[in-house]
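What the sequence shown shows, in my numbering, is residues 4 to 164, in sequence order. We put the beta carbon where it would ideally sit given N, CA and C, even for glycine. These figures come from a predicted structure and were not determined experimentally.
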Amino acid sequence: MTTRRTLLPIALLALCIGEPDGARAGDRELEILLVNMTPDPVSDEARACADRIRRVVRDGYTRVSQIGESALRRQVNDTSGEDFMAYAGERLQPVKQRESTWLDTVVLYDCRPNAQRADILIHPADGEPRRMRLRGVPIDGDLAAAMATRALAYGWIGFSP
């Protein structure tokens with residue numbers, strides 16, 4: 004009888020708590036590659052903008068990888084320093100493939116608040132690049148966060164767990 008009295012409250016407590024918020028079958032984070040394409044020398048404002056973009060993306064349901072601009076350009080065979088915003092979807096395929104797996108999304112960004120300009124190229128799982136370009140607009144932390152939030156929303160397009 005003592006065992007039943009002890010186990011009953013424990014069982015009721017377990018039912019009240021419910022299941023944890025952890026991963027479920029078929030559930031996984033968006034695997035995303037972030038590449039800061041802002042040219043050197045970088046100002047403090049540009050660093051803050053890049054940090055804000057990274058923070059927003061990391062706070063999403065994501066697994067973030069990063070490489071530098073030079074490494075990216077080598078992988079896409081860009082030896083002349085082309086405008087990354089002109090990269091077509093197939094151009095970024097070598098970057099998305101990681102050995103036997105694939106990244107879901109690649110995001111390239113250039114944020115220069117001092118020049119009032121920002122560019123973001125998003126290459127989501129559906130293979131169709133999306134582009135955001137701002138000119139002549141004061142870029143503060145809130146606007147950088149809004150751009151990153153929108154880029155992340157585009158990044159989920161075509162995603163399949």
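Three CB pairs or more closer than 8 Å across the region 107-123 and the region 138-151 | Touching, per the Cβ criterion.
Proximity to MET40 [Cα-Cα], best of GLY63, VAL109, ALA156 and ASP143 | Checked all of GLY63, VAL109, ALA156 and ASP143; the closest Cα to MET40 is VAL109.
If you check the beta carbons only, do PRO161 and ASP122 fall under 8 Å apart?
-> This sequence places Gly at residue 161; Pro is not what is there. When the beta-carbon positions are compared, GLY161 and ASP122 stay at least 8 Å from each other.
Alpha carbon to alpha carbon, what distance is there between PRO42 and GLY95?
-> Rather than Gly, the amino acid found at residue 95 in this sequence is Leu. In a straight line, the C-alpha of LEU95 is about 20 Å away from that of PRO42.
LEU33 to LEU106 span [Cα, whole Å] = Answer to the nearest angstrom: the Cα atoms are 8 Å apart.
Under the three-state reduction of DSSP, which class applies to SER103: helix, strand or coil?
-> Looking at SER103 - three-state DSSP - the assignment turns out to be coil, as it is neither helix nor strand.
Contacting residues, own chain, Cβ-Cβ under 7 Å from PRO23 (five flanking each side not counted) = For PRO23, the predicted model reports a pLDDT of 46, less than 50, meaning its position is unreliable; a value from the coordinates is still stated below. Here the set comprises nothing.
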